[in-house]
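In our numbering, the protein residues as written are 33 to 845.
All C-beta atoms in this analysis are idealised placements derived from N, C-alpha and C, irrespective of residue type, glycine included.
Nothing here was measured: the structure is a model prediction, and the numbers come from that model.
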């Protein structure tokens, strides 16, 4: 320990004598280590840390599908959950669905997202409340007193983290609900709900029809598996349940549809969307660190060259080679630790941005933080980079340091071996930089393609707002009251449509790219044989006539809906161009009929509208059937207004008109359609931005490495260059000699980088849109950029080489 303390003091004195060199090493390492620490904190919080549920490792999400009919991730019906509970490997099966309700009793009416769950939901997951309790088994029974459990976020945001909130009452759906508990700050699954209620308190779920109809599917199913049971056993049991369903109910589970039930661990489900992007970012940040370490090794070579006379004196005074190497390793490890500390500070400063970024992929984003695991990771990376890449110059130092004491010793000990090793490091930096630039280029090209894709609608100057009508006021018994809903929306659209600057006003079940996933189901086309099982499937949308003009979806033939449409079947429907072409070819479908109930009733096609990328800009437009909101009014709808100017100025007016009709009706999620479209592009945009930043950082570090190696080479060849100039060599010849040295390294780096880019491109193919992983335009552009940067980096040393006076060069040693 005494020797170590002595080495540390000597290292510190050395840094003080050469602060510029030490500061540069610390800065390069801080950037590389900081990038890795930041990304690892995301990986650790989202992918590595255990779920914050007591039974998280034993919890699975059940999946129901009919792959032959093109139906994936279908919800469950109540009767289907009863079937699933027969699986012997499942310790408990609970249900979930989410709805929006209006909550009264706070400062003002509030629209809250409500998770409707089995009473055993929180017990199955293993969630213990922060305050109060969760639900009791009898609270699932019909007629039970309605109760609520609050999410931690809602408790803090809307109720000021009131510690006495348990026992407080609120009115929802015309019933008084009592708060019985508050959840801890954990990620909400499947949705980030504001409040939670048992199934008995939900008027929609309480409909007796749910208990008897196997095709009323609306539930997400979660189960806890027995200890020691493998996923293979669980999936085998669920496959047996599905086979039993097909035998007992062949009219519901058609053999041609391929009905199946599966399961995924909850942990994988929570991170499914995030995993590919986060692992790509971790790999790219690792490449940045390798490039930084290569540069640190080159800087260490330069520092060692300047100190070889000092080391030779110490060796002449009796210092063993091992003692000198240990001193150099101590210095490099100390620089690594200082760089790690600075990098940790940089990562902590970027944490909020990373949490916001990760929140677009997974509900676990709130668990990202700098914890002991991240600190240990940073310490390990700092020590490893300092020792490994500091050891290269130390171990490459000549065993015989006596020549360093002679005239010309610096040149003598530099040797071709060290220069070649530094060249290899630069080639590696160039190859890794090529890979990063290619990855960033592919993501940027993919993003440009997404931004330029025709969405099928016009988002300019469109305002959207969500309105969820109170069930207790707009329903009769367990069924929504169509006339009451029409009486609310009709005057609202009339008033908003006459506002100054409003071009069109409409209402629909949703709008393109909204968070609401379109409902899809099968249908029949009149005059065509009924499919034996897997028939055509389409998205279903409910909209008013003004919705199409407001959103900017063109009418291609026929007409839109009429103000005289009456609730109830048969319906007048509009179909999308893709659906019309598939089922009627070049014929006009206006006047043709379709059925959504197996042919019992037939709806008439009255018009064809353009295709819309409603599910995502990266997804092809789905075949869609539109119903009139006057014939199929909904409790939860979206208002859309097209204006001649800034649509945001009408936000307050929308709220006023809604409350004018119903003073207790809240309006939520008031946004422009341009904001919605921009938000849908946020994940690929942010991913491209991070990759671009990493690539730019790598490019700067690589350029610095090239400049350093050339400066070193020019210094070592000062005598030679002086002789060449004295013998008549022209400046262009000297420049060509220096640039040629770079050209060899660039060619080798581009060759290796191209092979690496092919491999990385294939790995990230799932993140790209209409861009090949081996896109030649991107690879050629990256090659040109890297070659140009390398050429720019060698201009300074080349100019200095041509400016060497021959007499000064001959006397330099």
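Within its chain, find whatever has a CB closer than 7 Å to the CB of residue i; leave out the 5 residues flanking it on each side and keep chain order.
| i | result |
| --- | --- |
| residue 323 | 461, 464, 465, 730, 733 and 734 |
| residue 621 | 607, 612, 637 and 640 |
| residue 643 | 488, 608, 609, 610 and 653 |
| residue 119 | 269, 270 and 273 |
List the endpoints of the continuous beta strand (DSSP E) containing residue i.
| i | result |
| --- | --- |
| residue 129 | 122-136 |
| residue 639 | 635-641 |
| residue 293 | 292-297 |
| residue 795 | Per DSSP, residue 795 belongs to no beta strand (DSSP E); it is in the alpha helix (DSSP H), 763-795. |
| residue 257 | 252-257 |
| residue 554 | 551-554 |
| residue 569 | 569-575 |
| residue 148 | 142-149 |
| residue 710 | Taken as a continuous stretch (DSSP letters only), residue 710 belongs to no beta strand (DSSP E), being part of the alpha helix (DSSP H) at 705-712. |
| residue 546 | First-last for residue 546: undefined, no H or E at that position. |
| residue 98 | 91-98 |
| residue 400 | Segment: none, residue 400 is in no beta strand (DSSP E) and carries neither H nor E. |
| residue 664 | Premise fails: residue 664 is in no beta strand (DSSP E) and is neither H nor E. |
Ordered along the chain, which non-local residues of its own chain (more than five positions away) have a Cβ less than 6 Å from that of residue i?
| i | result |
| --- | --- |
| residue 369 | 414 |
| residue 397 | 387, 390 and 391 |
| residue 805 | 793, 794 and 797 |
| residue 584 | 489 and 490 |
| residue 469 | 727 and 814 |
Going by other Cβ atoms of all chains shown within 10 Å of its Cβ, with 16 needed for buried, is residue i buried or exposed?
| i | result |
| --- | --- |
| residue 366 | buried |
| residue 580 | buried |
| residue 652 | exposed |
| residue 551 | exposed |
| residue 173 | exposed |
| residue 169 | exposed |
| residue 674 | buried |
| residue 600 | exposed |
| residue 645 | buried |
| residue 199 | exposed |
| residue 104 | exposed |
| residue 816 | exposed |
| residue 655 | buried |
| residue 244 | exposed |
| residue 256 | buried |
| residue 80 | exposed |
| residue 591 | exposed |
| residue 772 | exposed |
| residue 258 | exposed |
| residue 305 | exposed |
| residue 602 | exposed |
| residue 696 | exposed |
| residue 692 | exposed |
| residue 762 | exposed |
| residue 55 | exposed |
Locate the alpha helix (DSSP H) running through residue i, then write down its first and last residues.
| i | result |
| --- | --- |
| residue 609 | 609-616 |
| residue 230 | Looking at the DSSP string, residue 230 is not in any alpha helix (DSSP H); the run it does join, the beta strand (DSSP E), is 227-230. |
| residue 242 | It is not in any alpha helix (DSSP H) - residue 242 carries neither H nor E in the DSSP assignment. |
| residue 111 | 110-116 |
| residue 521 | 514-529 |
| residue 689 | 683-693 |
| residue 276 | 263-280 |
| residue 384 | 383-390 |
| residue 156 | 153-157 |
Here's a check: name, in chain order, each residue in its chain whose Cβ is nearer than 8 Å to the Cβ of residue i, leaving out the five neighbours to either side.
| i | result |
| --- | --- |
| residue 458 | 326, 330, 734, 737, 738, 741, 777 and 781 |
| residue 138 | 190, 191 and 202 |
| residue 467 | 319, 785, 788, 789 and 792 |
| residue 63 | 320, 324, 375, 378, 729 and 733 |
Our contact map puts residue i next to residue j with C-beta atoms below 8 Å; I'd like the distance itself, whole angstroms only.
| i | j | result |
| --- | --- | --- |
| residue 496 | residue 703 | 6 Å |
| residue 671 | residue 314 | Not really, about 42 Å apart at Cβ, beyond 8 Å. |
| residue 229 | residue 146 | 6 Å |
| residue 525 | residue 535 | Not confirmed; about 13 Å, so no contact. |
| residue 95 | residue 294 | 5 Å |
Measure from the C-beta of residue i to each C-beta in chain D and report whether the shortest distance is under 7 Å.
| i | result |
| --- | --- |
| residue 592 | Of the protein chains in the structure, only one exists, and it is not chain D. |
Starting from the N-terminal side, write out each stretch of the beta strand (DSSP E) that is 3 residues or longer and does not extend beyond the segment 187-222. Listed in chain order, they are 201-204 and 207-214.
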